[in-house]
Structures are given as C-alpha cells and as structure tokens.
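2 protein chains.
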Amino acid sequence: MAPRIALPTTFKRFSSTFTAKPIPSKSHFHAPIPDSAFPKGYVLTGIHAGVKKKPDALDLALILSTTSRPAAAAGCFTRNAFKAAPVIVSEEILNNSGGRVRAVVVNSGCANAVTGSDGMSDAWAMVRATDALLDSVEGEAEQTQTQTNSTLVMSTGVIGQRLPIDRILSGIASQSAKASNISSLGSNFAAWERAARAFMTTDTFPKLRARAFTIRGKEYRIAGMDKGAGMLHPNMGPPRPPSTGPLHATLLGCILTDAAVSPRSLQSALTYAIDKSFNSISVDGDMSTNDTILVLANGAAAEGEKEIDEATDVEAYEVFKKELTEFSIDLAKLIVRDGEGATKFITVTVQGAPTYADAHKVASRISTSALVKTAIYGEDANWGRILAATGSISLSTPFIPSRVNVSFVPSDGTSPLALLVNGEPQKVDEARASEVVSAEDFEIKVELGLGEESAQYWTCDFSYEYVRINGDYRT
Amino acid sequence: MAPRIALPTTFKRFSSTFTAKPIPSKSHFHAPIPDSAFPKGYVLTGIHAGVKKKPDALDLALILSTTSRPAAAAGCFTRNAFKAAPVIVSEEILNNSGGRVRAVVVNSGCANAVTGSDGMSDAWAMVRATDALLDSVEGEAEQTQTQTNSTLVMSTGVIGQRLPIDRILSGIASQSAKASNISSLGSNFAAWERAARAFMTTDTFPKLRARAFTIRGKEYRIAGMDKGAGMLHPNMGPPRPPSTGPLHATLLGCILTDAAVSPRSLQSALTYAIDKSFNSISVDGDMSTNDTILVLANGAAAEGEKEIDEATDVEAYEVFKKELTEFSIDLAKLIVRDGEGATKFITVTVQGAPTYADAHKVASRISTSALVKTAIYGEDANWGRILAATGSISLSTPFIPSRVNVSFVPSDGTSPLALLVNGEPQKVDEARASEVVSAEDFEIKVELGLGEESAQYWTCDFSYEYVRINGDYRT
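So this is what it looks like as structure tokens:
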C-alpha cells in the first residue's frame, strides 16, 4: 500500500531494460467544494481511532442527520455468501427500522469479515455507541429520545481480523458536539472531507462530490463519498438474499440528500441507480464480503413538502431517480479512476444487444479480461482480445460474427478508430492507434448488431503496480 | 515473447527497490522418451515453413497415420462465438467424414482467426495439401487412394492476420517420405519432438508425453503433444454449437493411440476426459477462438481386435476412457506448469459440493481470481481472498458459512495448514504458512460441507512477467 508516486519504474531484465509507466497522480480529482453545496441537516467527521497503525491515518467516519425526524434510509449490499458482520447488521437494521435512521458509522483498516460471533457483537457495539452519541449531540435531535438502532455501520479492510473495538468505541464517544477539538462533528467542507478520508484504504485520494437539483421548483442538494481501489467488481442488491449473479467489490459509499423521499421509493431509486453505476465498474473482477452503498434522505430542505414517492408522484420520483443515478455514476467512476495500479480509465460501451443483461454481460467480460487490460496497459490496440472476450459470453440470442463492429473512441473528440467492421478486420493506422490508446482515457465500443439494448461499463488497466500492491498487501 | 530466463528481476521504485521472483526454468519438464513408447502407425514432423520470423523456429507440424484404414478421430473445440477458420473446417470434416481421418496439420505463429472468407480457403488449402501429401507417402496408405478431406487442421498465434499460405503449402509439399532431409517425416522421438516444438508459441518447452496401457491383455500406447501459455481457461465441447458456458483458451492438443476405438466412443471418451482435464485448468481466465483437442485411434496395435465401443464392450471402453482421461490430465497440467509468467503450480480442490457443476464453478472462480493469484505470487497465505472468491458464486444450494473449511496442502506430504475451520479463522503459524506457500507447488483445499461432489482445477500465479508478456505481446 505504498503511495503511488509518478516516477518511472525501471525493470531490469538480464540484457534488456524496460520501464513501467508511472501511475499518474490522481490528486487533481479531489478539490475543495463550497460549504453551501452540501445538503442541510448533516454533521460529519473523520478521526483516527487507532484501527490503522499510522498515527495520523483517519479510520473512523461519523455521519449524523440532525433533523428531528429520522432520515429515510436505503442500502444495497454485497451478494457474497460470506457477508461481513456490518453488512448483516445494517441489513437487519434497515429491515427492522422501517427504513428510518439517524446516523452512519464507518471504519477503514479492518473489514470485520469472517470474525464469527465476536465480529457481530463488535458491529452491534459500533451501532449502540453511535446511537448514544446521537442523544448527546446538540440540535433538534436532542428533543426526541433516539430510537434504538438508529445507526447503520460499514467496515472495510483486511478480512478475518478482529476490530480493535475499544479504540473504536472511545473514538465514537469522544465526538460529542460539545467537544471543540479540530476533529469534532461539523457541516463544512473540512468535516465532509475528513469523513471521506476516513473511508480510504488503498485509495490515493478522498472521493467526495456534491451537486444540486430541483424538484417541484425547490432546490435540493445531494453529496456523498465512497472508496474502492481493489477487490472491485460490484454487484449489489437490496437488503434481501439474492437469487443469482456473480459478485465483486470492496466498495463503501454513502450518499446524503436533504430532499424528502419515502424509504420505499428511496430503496427502489437506489436499486435502479446501483445497477447503472456501481454494478457497472470493475477494477479486478474480484468481490469482497463488505460492499455497501447507503443513501439517507433527511428532508432538511423540504419543509412543508410531502415525501417524494413513486406511487403518489411519479414525475418527482423519476427526477429524483435520474439525479441519484447520475450522481452514483460520478461516484462510481471515481473508484475506477483510482483503481489499484490504474494508469488508464476505460469506458466500455456495448450496443446492439438483444437485452440489457446481454449487453451488461459482454461489457463486464471485456472489462475483466486480463488480456484486454494488460494490452491497454501496454497501449496495444489489440482488438483480437476484445473480440475473444466478447465471443466467450453466451447471449440470449447467438452472435452473428458478420454483424460485429469494434472501435476505439478517443476522449479528445477526434474521430473513432474502426478496428473491426462487420466482422472484418480493418487496416489499422498503427500511428493513429497508438495515439488513441496512449491517452489516459478512451472508449472501447462494441456493436453486436443483434438488437437495440446497450450497456456501459467502466474499467482500468492491469499494471505491474497492481501485482505489486496485491502481491504484498499484508506484508 | 522474450525467453524466460531465471535471473532475478530488479524493480526500482523511487526510494525503494524490490525484486521480482525469477520465472523458474521449466526445461526439466521435457525429457527424451524411448522410441518404443510411441504408438505404432504414425509418422510426424515439425518444420520451419516461414510463419514465424525466426529462421529456425518450427511453425508447421504434420501428423500422419500410416494404417490402411483411416484412423478413428474425435475432437473438442472452443465454444467461442468467433471460431477461427481451422476450427470451423475441422468440425465440418469430423462431422462429414464419419469420424475417420488420416492426418492432422498444425501451424503456430498465426491463428487464422477473424480472417473472413480468405481464412476459410487458407484452412481448406492446408487440408488439401496434406491430403495430397498422404497419397505420396510410402507405407500401407499408398495402396489405397485417400478419400478427400482426410486431414484435420489447427492454428495458433495472433488473431486477425492472414496466413502466409504459400509458404505453408510449399512446406507441406516438401515433406514426401522420400525426402531424406533431417526434417522429414519419421516415427522416432526426434520426429515426435519436432512436431511438438512446431505447436509452441509463448510456450517455453515442448509438451510431449507417452504411456502404455493394456486392454483385454493387449498392450497399446498413447502419446500426445499440446501447447498453451496464455489466453488460457479452456471450456471445450464436442463439434456442436454449445448451449451455455463461458469459454477460454489458446490450447492446441493432439492425442494419438494405436488402440482401435469406434469414432462414436472415441468422441464420448474425449468429451468426458476434456471436462476433467483441459476444461479444468486456467492461466488467465481468458478464452481464445482456436482451442482444439484432437484424438486419433488408428488401431495399428489392434490386429484382429474389434474396435472398442461403449455399446458392445462397456468394460474395455471404461478402461480406455480412464486411460484417456488420465493422459489428458497429464497434458493439461503441463500447460499450467508453463503458463505465461507462472512461478507456481497450484491445485485447487473443492469438496463437499451439492453437485459437480457447483464444485467446478467454485474451483474455477478461485483459479481465476486476480487477488488470489497475486497473493500466491506474493507467497501470502491470504485465505480471505479465497473465501471471497468462493462466496461470489451462487450454488444450486446456498452456502452455510459455518461449514466451510479452507486449508493449504503442502506438496512435500507434510501436514496440511488449516486456515479456516467451520467458518472460523485459525491462528495461523505464519512461519509455517510461508514455508508452505514458498514452495513451487501446493494445493488449496476448500470443503463446502454441502454434499458429496468434488472437482479439481489447476492454475498458476499472476506475476509481473505475465503483465510484461501481454503488455507488449505484439511489439
């Protein structure tokens, strides 16, 4: 988990010497955000509780809604059979709370996964400690006694290790609003940024975004943070046991809005948004036991407005769903951008599929192909590997090779590079090709010619650095 | 495609320097075989026709049966939707010849894949040229005029490039038995070895094996060669369009026996053997457009014996099927051993599954996990990644985490290392753990506790060298 410093890496091999491309700095993807851009009615912080060894490394985030009424809450969780304790606990709380909570507590550095009954009681202890903190916090919430289990919990880090629960609990207890230390709960950019930093593991920059949107002429704000880096190919579902589907990711995300949305509609909007965003990214095709995306809607900016609900006001619901989806895509892309060892950001677009599921399957296979990803790292326009990956999927209707088109679309708006047209390889201008693939961003477009459905996926390349990071992760 | 020389590779990164483990030499996996161990009634050669640039690189293999009756033949082929021309041609010949052929022609260096109608006529031209060679060859075959399309064809190499067909055709024509040049057709070890070398692409050693077996008190021989290296995770089926299943591999193999087996039973025995062998290995989880395994049974050692058939003599058939399966596993393991950049040979055993398909799916997922494979490269006993990969599969009956066991079994016969017992992480003796994982070979054993079925998979690790080979494959 060494820092990714953009110096060329020289690989000496007997007679020959070759140079690994430096991992480009990603720091410019994090920039200050005006305090006014963040949703109202939330206080946050990120502190060093002592889960991570480095004394200054933030490893505990607290996110509290200060509205008198608990916020509507929804979540999507990993479908891995070995769900971590915090996933099980958060699912249970969401199911039993009628989708209303007041807080989210997050730790990084330890996943609290495969930790048996001890891990379960640790996760519950984090919930109760944050519930207690809620009671002590100044603000409207103070008037009403907090219901039990008002807090959702997330953890990320190494699997199979016990949390240093005492340090976490005293870290939570230390955060009464009365405390005036620099890390105390706040609602300005600094507070949101500290919380975002406390999500990070092998991430190289905090992932924090905010935007505004308007419904029924009223302006609302949505903001959120997430983390990723490795073990990343999410496929999350609502808090229910899944029927099918492969699953991947160490992904934590928390999205907060001051709009008022009914818990039921918040869940359906999130479930839709996740499929188009976090379930459409891949770093390494591997899946974790912890991935969780939570969304809270506290209505702090919705005085006198009734809750948005798909049954009573489809139009408002559709606007909110669209906003949530676009915001989720922004957050999801940040994770690919910062994928372990990533030097490229690749958009994979599959068009002309008989069904969306077919398009999604093909885009996923291309996005996880080790040969495609090493070719991209090598800046090699190797369409043969893309085609082989495409053809390895069985679609709901068979491929017709003579209808398949593959092209690279540059990020600079210049004309696409056709590699395969109607199944026939094109004479590729290699100079132009290497121009396109040497850019940090480009798009791989595959047209199947079998229907009208399309899907988009975002992935990165496969570098020496990925092997280095994961070859000595624990050492 | 540089040679893999076992020198340590030094990676300089700003202040820190780290060393990549050298790729161990694999040459000792190839050794001379007595001429008498090879099946009777075959002549072979491998020559440099000029597909590969290096003047001494063998790139064309010819395998001829010299028995008066054509050999029974069977094949399993990639299920990739974009089948290469030689795959389509060989499937058609097998289907139209009643499963009887006299020869196999193979080129390496160019896959003749995604080459349109030109590629089809090139593949057919290779078949006809070899048919013509058959007529000119001395031996029993000379008496009988060869039926048309008596030759099966295989190609491996880069996708989307046209074969240098003229060089290949003159290479074939140059091989009449009368020619006395060193590369002419023969039946001794040197001839078999030349053929095996002509299969190679990024392989570091020729893969050739031979063994004997006895049916009804009569001794027969089986020998064969294959090639692999990368784009390797086979899932092949008999010459029919598949119903389902992901598919992976640049795998070519040819197995020859002097037993007499009916074409139909040869196909069913091969289809069974492939699933337990070549369809149970993975190098990088990627699939090619060309993978093909062919088997010929010419009956040269079965004078007066009737053909083995599952309908008329189940017992003999079962013995043959078992021999073919074990031999196929030997050949398949050689490919993993020589996987691109491989420093480890890992056996993944999944037991206690409700069905064989479940066990095979879990073993496949573990064997293709980038995180598991980089951990193995890093010699890190990271069972958490194994568990996450396991849990990402949806089984026909749900996982019960408290029944899952994970252990590492050393190759030296010492006691296994228990990592997870009944879902609980074990206190791992790290010294002992690194002892086990620092060996070139070890076994990952996962017990699901859900049934009686088990499956085995063979895979390798994910190294810097894999990224290097595939990051500049075409350059």
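Respectively, the protein sequence lines represent chains W and P.
Per our numbering, residue 4 is the first one in the first sequence, and the count goes up by one each step.
Per our numbering, residue 4 is the first one in the second sequence, and the count goes up by one each step.
No residue lacks a Cβ here, since even glycine has one placed at the ideal position from N, Cα and C.
Going straight from the alpha carbon of W/K448 to that of W/V353, what length do you get? Working through the first sequence from its first residue, we reach residue 448 of chain W at position 445. Working through the first sequence from its first residue, we reach residue 353 of chain W at position 350. So the alpha carbons of these two residues sit roughly 6 Å apart.
Sequence-distant residues of its chain with Cβ nearer than 6 Å to W/A215 (five each side left out): Taking the first sequence and counting its residues from 1, one reaches residue 215 of chain W at position 212. E222 and R224, listed in sequence order.
Quick test of your reading: P/D261 and P/L334, contact by CB under 8 Å. State the CB separation rounded to the nearest angstrom. For the purposes of this step, residue 261 of chain P is taken as residue 258 along the second sequence, with counting starting at 1. For the purposes of this step, residue 334 of chain P is taken as residue 331 along the second sequence, with counting starting at 1. Rounded, the Cβ-Cβ distance is 18 Å, inconsistent with contact.
Per-residue burial, P/R197 [other beta carbons within 10 Å of its own, 16 or more giving buried]: In the second sequence, residue 197 of chain P corresponds to position 194, counting from 1. When all chains shown are included, P/R197 counts as buried.
Residue range of the beta strand (DSSP E) that includes P/Q354: If you number the second sequence from 1, residue 354 of chain P lands on position 351. Start and end: F348 to A356.
Give me, in chain order, the residues of the same chain whose beta-carbon lies closer than 6 Å to that of P/D206; leave out the 5 immediate sequence neighbours on both sides. For the purposes of this step, residue 206 of chain P is identified with residue 203 of the second sequence, where counting begins at 1. Closer than 6 Å at Cβ, skipping near neighbours: K230, A232 and D341.
Residues of the stretch 280-296 of chain P whose Cβ lies closer than 8 Å to any Cβ of chain W, in chain order: D287, G288, D289, M290, S291 and T292
Which residues in the same chain have their Cβ closer than 6 Å to the Cβ of W/A421, if we skip the five residues on either side of it in sequence? In the first sequence, residue 421 of chain W corresponds to position 418, counting from 1. S410 and Q429, listed in sequence order.
Identify the contact partners of W/A392 in chain P, using a Cβ-Cβ distance below 7 Å as the criterion. Indexing the first sequence from 1 puts residue 392 of chain W at position 389. The contacting residues are D289.
Specify, as a first and last residue, the run of the alpha helix (DSSP H) that W/N473 falls within. Here residue 473 of chain W corresponds to residue number 470 of the first sequence, with the count starting at 1. It spans Y467 to G474 - the alpha helix (DSSP H) in which W/N473 sits, taken as one unbroken run.
For P/T462, would you say it is in contact with chain W, using Cβ-to-Cβ distances shorter than 7 Å as the test? Position 459 of the second sequence, counting from 1, holds the residue named residue 462 of chain P. With 7 Å as the cut-off, P/T462 does not count as an interface residue toward chain W.
To the nearest angstrom, report how far apart P/M265 and W/G474 are at their CA atoms. As a first step, residue 265 of chain P must be located in the second sequence, where it is residue number 262. As a first step, residue 474 of chain W must be located in the first sequence, where it is residue number 471. The residue asked about is misnamed: residue 265 of chain P is Ser in this sequence, not Met. Approximately 50 Å between the Cα atoms of the pair.
Rounded separation between W/P167 and W/S291 - CA only: Counted from its first residue, the first sequence places residue 167 of chain W at position 164. Counted from its first residue, the first sequence places residue 291 of chain W at position 288. Distance between the alpha carbons of W/P167 and W/S291 is about 21 Å.
Does W/A88 have its Cβ less than 7 Å from a Cβ in chain P? Within the first sequence, numbered from 1, the residue matching residue 88 of chain W stands at position 85. False, the Cβ-Cβ gap to chain P never drops below 7 Å.
With a CB to CB cut of under 6 Å and the five nearest residues on each side skipped, what residues in its chain are close to P/A226? Position 223 of the second sequence, counted from the first residue, corresponds to residue 226 of chain P. The answer, listed in chain order, is F41, P42, A213 and L259.
If you drop the 5 nearest sequence neighbours on each side, which residues of the same chain put their C-beta closer than 8 Å to that of P/R388? By 1-based counting over the second sequence, the position of residue 388 of chain P is 385. Cβ neighbours of P/R388 beyond the five flanking positions: S372, L374, V375 and A378.
Write down every uninterrupted run of the beta strand (DSSP E) in the stretch 399-462 of chain P whose length is 3 residues or greater and which is fully enclosed by it, in chain order. 408-413, 420-424 and 444-450
Among P/C257, P/K210, P/I50 and P/I91, which one has its Cα closest to the Cα of P/S124? Translated into the one-based positions of the second sequence, residue 124 of chain P becomes position 121. Here the closest residue by C-alpha is P/I91.
Around the Cβ of W/P37, are there at least 16 other Cβ atoms within 10 angstroms (buried) or fewer (exposed)? Within the first sequence, the letter at position 34 stands for residue 37 of chain W. Exposed, because fewer than 16 other Cβ atoms sit within 10 Å of the Cβ of W/P37.
Of all the residues that make up the stretch 356-379 of chain W, which are near chain P by a beta-carbon distance shorter than 7 Å? S372, A373, L374, T377 and A378
On the DSSP bridge list, what partners appear for P/D229? As a working mapping, residue 229 of chain P is identified with position 226 in the second sequence. Paired residue(s): P/K210 and P/G256.
Please list, in chain order, the chain P residues whose beta carbon lies closer than 7 Å to that of W/G452. Your numbering for residue 452 of chain W matches position 449 in the first sequence. Result: empty, since nearest Cβ-Cβ is about 13 Å, beyond 7 Å.
CB contact check: W/V439 to chain B, cutoff 7 Å: Here the protein chains are W and P, and chain B is not one of them.
Rounded to whole angstroms, what is the Cα-Cα separation between P/G344 and P/S111? The sequence position of residue 344 of chain P within the second sequence is 341, counting from 1. The sequence position of residue 111 of chain P within the second sequence is 108, counting from 1. Between P/G344 and P/S111, the C-alpha separation is close to 20 Å.
Put P/V90 into one of helix, strand or coil per three-state DSSP. On the second sequence, residue 90 of chain P is found 87 positions in, with the first residue counted as 1. Looking at P/V90 - three-state DSSP - the assignment turns out to be helix.
According to DSSP, W/T48 sits in a beta bridge with which residue or residues? Position 45 of the first sequence, counted from the start, is the residue given in the question as residue 48 of chain W. W/L65, per the DSSP bridge assignment.
CB contact below 7 Å: W/I218 versus chain P: Position 215 of the first sequence holds residue 218 of chain W. No, no contact with chain P.
Which same chain residues end up closer than 6 Å to W/H363 when comparing Cβ atoms and leaving out the 5 residues on each side of it in sequence? Residue mapping note: residue 363 of chain W aligns to position 360 of the first sequence, counting from 1. The answer, listed in chain order, is A458.
Where does P/V470 land, buried or exposed, given buried means 16+ other C-beta within 10 angstroms? Position 467 of the second sequence, counted from the first residue, corresponds to residue 470 of chain P. It is buried - the Cβ of P/V470 has at least 16 other Cβ atoms within 10 Å.
Is the number of C-beta pairs between the stretch 312-321 of chain P and the stretch 83-101 of chain P that are closer than 8 Å three or more? no
Out of P/N191, P/K86, P/S68 and P/K57, which one is the CA nearest neighbour of P/T204? The residue labelled residue 204 of chain P in the question sits at position 201 within the second sequence. Considering only alpha carbons, the answer is P/K57.
Roughly how many angstroms lie between the CA atoms of P/L67 and P/G53, to the nearest whole one? As a working note, residue 67 of chain P is residue 64 in the second sequence. As a working note, residue 53 of chain P is residue 50 in the second sequence. Looking at the two C-alpha atoms, the distance is approximately 21 Å.
Is the shortest distance between the beta-carbon of W/A345 and the beta-carbons of chain P less than 7 Å? Residue mapping note: residue 345 of chain W aligns to position 342 of the first sequence, counting from 1. Taking Cβ atoms only, chain P never reaches closer than 7 Å to W/A345, which makes this a no.
Among the residues of its own chain, which have a CB less than 7 Å from the CB of W/G394, if the five just before and after it don't count? Mapped onto the first sequence, residue 394 of chain W falls at position 391. The answer, listed in chain order, is F402.
Using a beta-carbon distance below 7 Å, is W/V117 in contact with chain P? Counted from its first residue, the first sequence places residue 117 of chain W at position 114. Chain P, which has a Cβ nearer than 7 Å to the Cβ of W/V117, makes this yes.
Please list, in chain order, all residues of the same chain as P/V440 whose beta carbon is under 8 Å from its beta carbon, the five residues on each side excluded. Sequence index remark: in the second sequence, residue 440 of chain P carries index 437 (1-based). Same-chain partners within the cutoff: I379, E382, D383, A384 and F411.
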